[in-house]
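Protein chains in written order, with the numbering used here: chain A, 1 to 184; chain B, 1001 to 1184; chain C, 2001 to 2184; chain D, 3001 to 3184.
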C-alpha cells in the first residue's frame, strides 16, 4: 500500500465527520516516552508534542469540529496539552478502547459515520474499524494499514495530526475560511 | 516549488535588512515542546535549541544586524535563550503577530524593507507578507511557501536559522569579515 | 550484508526461543542518554522508550515468552520501564555480560538454544555468539552484524524491539492469536 | 567534497595521534540544548550523549589514547559525562579555543602532530588548522570541511565520535586488540 494513502471514499467519509478522536502515543507524539522516577515511588512520564499539530487542532475547533483523546496510557503531559488545545474529551488509561469509544459516542450522541478515529497500533484497530473515517499516521503498524481510509504523509509527533485535520477541513470545504484570516 | 528555494530578488532584499525577527516553534526549534506539569498547577514548557543556530546569531550581531523574537507561545526556555544570544527584542504570547510586528517596527523606527521575518506557519503569514524579506524553514507549511523569498535547506531547530543568517550576511558582503577572525 | 537481514536458519532458531534478553541502550532506546546532575552530587540518567516496542513486549508475554534486560549501565528509568512491562529479569550494571548471561541461564534453567539475545555493540558479542538466536537492531555496529541471525528493519528506540518480537511470534505461529483479539 | 571524506594522508596522520580533543555541541551531542530555568535565576542546560560514542571512548583509553574536551559553553551534563568516560582534560567555557588548545598542549607536552581535534563549526577552525589530525562530524559547517582530514559518516551525537575513534585505532593497528576481548 503506497504511503501516503487515501481511499477512494475517504473524502466523502471526511465530509460527514463532526468529532475526531486521537490516540496519543505515536499519533500526537513520536511514540517516545521520557520516564523520570519522582520522590516517594512516583513515576512521571513526559512526552513532547508538535506545535504545528497544535495549530491544526485550533483550526479544527474554529470550523466547528469537536476533538477528543482516547489513550491506554496516563500522563500528566497529556492532560495539560489536551486542556490547552481545548479538547472536549480526554480519556486516558482506557483498558478497552472500543468500550471507551462507545461510551464517548453515546455521550456526544453521534453516529459512527460522524466520528473519525486516528491510531497507529493494533489496540486501535477495533475503533478504526468502527469509526466512519479511520486514519493512521505514516508510522502505523503494517497490520492496521488496510483498515485505514487515510494514511498521512508525516509521522506521529511530526505533523501527522496536522495532515489529518487539513484533509478533513479541506474535504468539508472550510479551508478557505481558515486561510482568509491570514490573507486579510 | 523546489526546496531550498531563493526568489530572484532575495539577495537584493537581504541587502537592505537591518532587523531580523524570528518565530520560535518550528524555526528556532524543531517544533517539539516538552510539557512538564509543576507544583501548584504550574505548567512548564521546555524546548531545545540548536547550537549552530546560536553561533549564527552571534555572527549576525557582530556584523551589526539587530535580532528579535516574535512568538505566540510563552516559555521560560525562550526568555533564557534569547537573553543569552543578546536578542534586542523578545515578544512572547503575541495574540496577533501583525499588531506586535507593527509595534516593534515603530519602536525600532525602521521601514518594512529593512526587516526580515522568519516563520513556518499560517499565523506568520501576515508578517511574512509585510516584511521586506520573508523566510521559511524547510519545514514550512505548504500554504506559506509561495510568500517566502527564501526557503532554507535545513529544518527548524536543525540549522534553518543559521542558513537564513548566512544568506543575509553573505548578501551584505560581510561573510569574509566573519571568516577572517577564524583564519587569522 | 543487506539490511534488514534474516539468516536462512533464523526462523527455525526463533521457533525454539522461550526467553528474550535485551541490551538497553541502542536497542530499547535510541542510544541517547540525558544526563542531569542532581543535588548532593547525585547523577540522574534518563532515557526515552518507544511505545510500539512496549506493545510488542506485552504481546510477547501474552503468548508465553519470557523477557529480560541485561545491560552494563544503570538507570532509574530502566527499572521503572522494565517493571511496567512485566519483565521477569532485570540485570543492570553488568560488568561482564557473558557472566551475567550464564547466571540468568542457570536461574531460568534453559538451554542456549531457547534464549534469544538482542544487542547492538561489541560488549554484546559474547552473548550474541552464545544465544540460540542473535538479534541486532538496524543501528548495530559493523563488527557484530556477521554474528546476528536477524538484523531488524528499524533502529533501536524506533521499533527495533517490536520488529524482533513480531519475527519470533510469527515464527512460532502465534501472530494470529495476537490479531484475533483486535479483529473480534 | 564527498561525505564521508578521508584525505590521502589521514591514515598517516592518525598513526601519530596520542591525544584527541573534542568540541562538545554538534560533536559529542547532536547540537541540541535543552534549557531549563531553575530557582533563583539559575539556568540549567542539559544535553544528551550517545552510548555508542561512549563505548568508543572507553576503547580509545584502553589502547592508550588520551582524551579531552574543549568547548566554549559550560554545562553540568558535560562535566558529569566527561568524568564518567575518564577524560583527562575538561576545558569548558573557553572564550578563545586556540589559546586553550595551546595551554593544553604545553600541559601534556605533546607536538601538534600528536594531537587530533574534532569540531563542527567556525570557532573550531583555528584548532583544526593547528592539530595534526583535523576531524569534522557529518554535520560540519561547509566552511570548515576543506580543513578536515576526516569527515565522519555519522553526525554529532549519532556516532560521529565513534567513527573518528575507530578510524584512529584502526590506523594505529590496534583494532584487533579491541576485538580480541569480545571474541575470546
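From the three backbone atoms N, C-alpha and C, an ideal C-beta is built for every residue, glycine too.
- Beta-carbon to beta-carbon, residue 1087 (chain B) and residue 1110 (chain B) are separated by about 16 Å, too far to satisfy the 8 Å threshold.
- Between residue 2149 (chain C) and residue 2010 (chain C), the CB-CB gap stays under 7 Å.
- Beta-bridge analysis with DSSP links residue 64 (chain A) to no other residue.
- Neighbours of residue 3126 (chain D) in chain B, taken as residues whose beta carbon is under 7 Å from its own, are 1182 in chain order.
- In the same chain as residue 83 (chain A), and ignoring 5 residues on each side of it, no C-beta atom comes closer than 6 Å to its own.
- Ranked by Cα distance from residue 115 (chain A), the options A:123, A:69, A:18, A:129 are led by A:18.
- Cα atoms of residue 49 (chain A) and residue 1145 (chain B): separation of roughly 23 Å, rounded to the nearest angstrom.
- Less than 7 Å separates the beta-carbon of residue 1051 (chain B) from that of residue 3025 (chain D).
- Straight across, the Cα-Cα distance linking residue 1134 (chain B) with residue 182 (chain A) is about 15 Å.
- For the stretch 78–112 of chain A, the set of residues with a beta-carbon nearer than 7 Å to any beta-carbon of chain B comprises 80, 81, in chain order.
- Ranking B:1131, B:1079, B:1004, B:1092 by CA distance to the CA of residue 1102 (chain B) puts B:1131 first.
- Looking at the DSSP output, residue 3091 (chain D) sits in a beta bridge with D:3070.
- With a threshold of 16 other beta carbon atoms within 10 Å, residue 3038 (chain D) falls short and is exposed.
- Contact between residue 3121 (chain D) and residue 3141 (chain D) holds: their C-beta atoms lie close to 5 Å from each other, under 8 Å.
- Using a CB distance cut-off of 7 Å, residue 2133 (chain C) does not count as an interface residue toward chain D.
- Residue 1056 (chain B) and residue 1163 (chain B) have their C-alpha atoms spaced approximately 8 Å apart.
- Taking 7 Å as the cut-off, the Cβ atoms of residue 1044 (chain B) and residue 1036 (chain B) count as close.
- Sequence-distant Cβ neighbours of residue 3094 (chain D) in its own chain, meaning closer than 8 Å and more than five residues away, are 3070, 3071, 3072, 3100.
- Chain-ordered, the chain D residues with CB closer than 8 Å to the CB of residue 1048 (chain B) read 3032, 3033, 3034, 3035.
- 7 Å or more divides the Cβ of residue 2063 (chain C) from the Cβ of residue 2156 (chain C).
- For residue 2055 (chain C), the chain A residues whose Cβ falls inside 8 Å of its Cβ are 121, 122, 123, in order along the chain.
- The alpha carbon of residue 184 (chain A) has as its nearest neighbour, out of B:1123, B:1003, B:1107, the alpha carbon of B:1123.
- The Cβ neighbour count for residue 15 (chain A), taken over all protein chains shown within 10 Å, is under 16; the residue is labelled exposed.
- Annotation: Cβ neighbours of residue 1026 (chain B) in chain A (cutoff 8 Å, chain order): 51, 52.
- The beta carbon of residue 153 (chain A) does not come within 7 Å of any beta carbon belonging to chain B, so the residue lies off that interface.
- Ranked by how close their Cα comes to the Cα of residue 54 (chain A), the residues B:1119, B:1107, B:1031, B:1126 have B:1031 in first place.
- For residue 2076 (chain C), the neighbours in chain A by C-beta distance under 7 Å run, in chain order, 37.
- Around the beta carbon of residue 1040 (chain B), fewer than 16 other beta carbons sit within 10 angstroms, so the residue counts as exposed.
- Here residue 3029 (chain D) is buried: its Cβ has 16 or more other Cβ atoms, across all protein chains shown, within 10 Å.
- DSSP, read as helix, strand or coil, puts residue 1034 (chain B) in strand.
- In the DSSP assignment, residue 3018 (chain D) falls outside any alpha helix (DSSP H), carrying neither H nor E.
- With respect to residue 2151 (chain C), residue 2005 (chain C) sits close: the two C-beta atoms are nearer than 7 Å.
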